[in-house]
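Note sheet for the following structure.
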Amino acid sequence: MSTRDGYADVLVGLQYGDEGKAKVVDRLAVGYDIIARFNGGANAGHTVDTPQGRARLAQVPSGVFHPEALLYIGSGCVVSLIKLADEIESLRRIGARIAGRLHLSELCPVIQPAHLDFDVAHGAGIGTTGNGIGPCYAGLSIRWEHGTRAVVQIRDLVADEEGAFAQMAHYASLHANIPSAQVAAASRIADMRAAWHAIRDTVDIVDSRWMTQNVKRGARVLFEGAQSVMLDVTAGQQPFVTSSHTVPAFAYVGGDLSHRYHRKTIGVAKAIVSRVGAGPFRAEFGGERSSRYCADAALRGIGWREERDRFEPEEMLGSEDAFDVGVALRMLTGEYGTGSGRPRRLGRLDIAALADVVERHGIDEIYLNKCDCLAWFARTRDGTIPVLIGPVGDDGGEPAIRDFPAFDALADNVPDFAALPAPLRQFVLALQEAMGCRIAGIGIGPQRDQLLTLSEEDVRHGT
């Protein structure tokens, strides 16, 4: 590392999550010394396709497959001990090195059995993942409940392991109104203890000065956001939001670094938009019908296997019914929850919403994933790519839609932007102009090498 101060960049999702942030982080990680998470927990489902297979990440930063990079889970994250230990072990099995690289803030709150029970009992109405994320963050804010602390932090486990687990058991007993719940809590705590021992032996627990000390020695940091800015607990549409701050400004609070080191903000979006859980989604194919179907599918455990057995997606693409088109696109583009497997609600790209996010959060450049999936629109009834271009009118009518020319499926090995079909190049350039923000790269497939970087010349003369 240099003797001069380093810097930090922040990467966030610009829609409703699942934009392919991990793929972009994986590509960019070579230019950074530390990849850091600053919000969320095991509710984040990131995937990276590697030569060893598809890796599913939740709490470990997506730079894990770049062995020279250090990894950091900041104090803005909540930690599931069991899921983190399992994730570390699954990564180890496919060849990723964790020991000596992964650092965990001692200030991270720990998800307790009581948090899981509360989330399962009360979170279904807004589509939570049931991982205890919201109740854990709530405990951090409540601080004190029924005469005891409502939160346990990693530093409590370091200082007094027995006392910390005893406190979790006591807190669970205050919320367990039936004996079976108390038995389940005891079993979970035993599993958490074993997981903590595995984590403690592999992960470096650090204080809040660790990040600053490294940056002052020249470290280059990439903060990796979980979920998306549209799901921010304050800026999003309550109550249909996540439980943490997802906006780029929070990276320096949850990532334990002064904002003085900020250099730029990177946004990630995808060309076909999806949303998991309940909440407004004006671009949705099939509208309220799609929303109800996906909510019911999540409750009944319906996922990609069940839809594969029930539907013929390539036939449904030609339907007049927007609901059918949405189902078909979900199946053909693999839009199912990384952790849950539940169907995601599918929608059109909303340029107006993206432009608003870019302006409000100071996005400097964008990576647009799943551009290859736009080729499926060539098989729809209209044969065009529909994009929302304006806000809902004062009369409550539907937002304006602009149709772009579709194109045939892309070749497997597209070398550069100039080799893409002209309609796709024109689509990207039109999007860039509408948002007022440079598109730095586009995803044209799921593999690590299927992310094209766009030069200044590409975006000036790409037509």
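Residue numbers (our numbering): 57 to 519.
By construction, the Cβ of each residue, glycine as well, lies at the ideal position given by its N, Cα and C atoms.
Extent of the continuous beta strand (DSSP E) run through residue i
i: Tyr423; result: Glu421 to Asn425
i: Pro461; result: Ile457 to Pro461
i: Ser161; result: Leu158 to Ser161
i: Leu111; result: According to the sequence provided, residue 111 is Ala. The question's Leu does not apply to it. Residues Gly109 to Leu113.
i: Gly310; result: Here Gly310 belongs to no beta strand (DSSP E); instead the alpha helix (DSSP H) covers Ala307 to Gly310.
i: Arg273; result: Neither: Arg273 is in no beta strand (DSSP E) and is coded neither H nor E.
i: Val135; result: Looking at the DSSP string, Val135 is not in any beta strand (DSSP E), and its letter there is neither H nor E.
i: Ile167; result: Counting along the chain, Ile167 falls outside any beta strand (DSSP E), and DSSP gives it neither H nor E.
i: His301; result: That residue, His301, is in no beta strand (DSSP E); it is neither H nor E in DSSP.
i: Ala474; result: Counting along the chain, Ala474 falls outside any beta strand (DSSP E), and DSSP gives it neither H nor E.
i: Ala92; result: Ile90 to Arg93
i: Tyr193; result: From DSSP, Tyr193 is part of no beta strand (DSSP E) but of the alpha helix (DSSP H) over Ile189 to Ile198.
Rounded distance between the beta-carbons of residue j and residue i, thought under 8 Å
i: Pro442; j: Ile457; result: 5 Å
i: Ala141; j: His102; result: So it is not a contact: roughly 18 Å between Cβ atoms.
i: Leu402; j: Arg416; result: Not confirmed; about 25 Å, so no contact.
i: Pro111; j: Ile150; result: A small fix is needed here, since residue 111 is Ala in this sequence, not Pro. Right, the Cβ-Cβ distance comes to about 6 Å (below 8 Å), so this counts as a contact.
Minimum C-alpha distance to residue i - residue among the options
i: Asp263; options: Glu512, Cys164, Cys350 and Asp142; result: Cys164
i: Leu147; options: Asp105, Asn469, Ala241 and Leu67; result: Asp105
i: Ala353; options: Ala496, Glu489, Pro399 and Pro479; result: Pro399
i: Val166; options: Ile154, Arg157, Leu213 and His202; result: Leu213
i: Val414; options: Gly132, Pro191 and Lys320; result: Lys320
i: Asp61; options: Leu172, Arg273 and Val259; result: Arg273
i: Glu513; options: Gln506, Ala220, Tyr88 and Phe473; result: Phe473
i: Lys139; options: Gly186, Pro107 and Phe174; result: Gly186
i: Leu172; options: Ile189, Ser161 and Val285; result: Ile189
i: Phe460; options: Ala467, Leu388 and Gln482; result: Gln482
i: Arg435; options: Ala305, Gly499, Leu388 and Tyr63; result: Leu388
i: Gly43; options: Leu405, Ala408, Phe379 and Ser330; result: Nothing in the structure corresponds to residue 43, since the chain is present only between 57 and 519.
i: Asp428; options: Leu466, Glu362, Gly446 and Leu507; result: Leu466
Outcome for residue i when other beta-carbon atoms lying within 10 angstroms are tallied against a minimum of 16
i: Thr509; result: exposed
i: Thr204; result: exposed
i: Asp450; result: Confidence in Asp450 is poor, its pLDDT being 45 and thus under 50, which makes the residue's placement too unreliable to answer from.
i: Val448; result: In this predicted model, Val448 has a pLDDT of only 48, less than 50, meaning its place in the structure is not dependable; the value taken from the coordinates is given anyway. Exposed: under 16 other Cβ atoms inside 10 Å.
i: Glu368; result: exposed
i: Gln503; result: exposed
i: Gly219; result: exposed
i: Leu355; result: exposed
i: Asn99; result: buried
i: Pro295; result: exposed
i: Arg316; result: exposed
i: Gln209; result: buried
i: Ala125; result: buried
i: Thr290; result: exposed
Cβ-based neighbour list, residue i, same chain, cut-off 7 Å, excluding 5 preceding and 5 following
i: Asn270; result: Ile90
i: Leu410; result: Leu70, Ala325 and Met491
i: Phe463; result: Ala431, Ala434, Pro477, Pro479 and Leu480
N- and C-terminal bounds of the alpha helix (DSSP H) containing residue i
i: Gly499; result: Not the alpha helix (DSSP H): Gly499 falls in the beta strand (DSSP E), residues Arg494 to Gly499.
i: Pro479; result: Ala478 to Met491
i: Arg345; result: Gly343 to Arg356
i: Pro369; result: Pro369 to Met372
i: Glu454; result: Counting along the chain, Glu454 falls outside any alpha helix (DSSP H), and DSSP gives it neither H nor E.
i: Val81; result: Lys77 to Leu84
i: Asp412; result: Ile407 to His417
Contacts around residue i, its chain only, beta-carbon distance under 8 Å, and the 5 residues preceding and following it disregarded
i: Glu145; result: Ala254
i: Ile322; result: Asp65, Val66, Leu67, Val68, Val80, Leu84, Ile419, Asp420, Glu421, Ile422, Tyr423 and Ala496
i: Gly397; result: Gly359 and Trp360
i: Glu75; result: Gly69, Ser284, Val324, Ala325, Lys326 and Asn425
i: Val176; result: Gly186
i: Asp82; result: Val104, Ser118, Gly119, Phe121, His122 and Arg504
i: Asp438; result: Asp459
i: Ile245; result: Pro169, Phe221, Met224, Ala225 and Ala228
Cβ neighbours of residue i in the same chain (closer than 6 Å, five flanking residues each side left out)
i: Met267; result: Asp312 and Leu313
i: Leu137; result: Met248, Ala251 and Trp252
i: Ala384; result: Pro369, Met372 and Leu373
i: Val135; result: Cys164 and Val166
i: Glu217; result: none
i: Leu430; result: Ala327 and Ile441
i: Cys350; result: Pro399 and Arg401
i: Ala282; result: Asn95, Gly96 and Ala100
i: Glu340; result: Ser346, Arg401 and Gly403
i: His159; result: Tyr128, Asp260 and Val262
i: Glu162; result: Ile210, Arg211, Ile261 and Asp263
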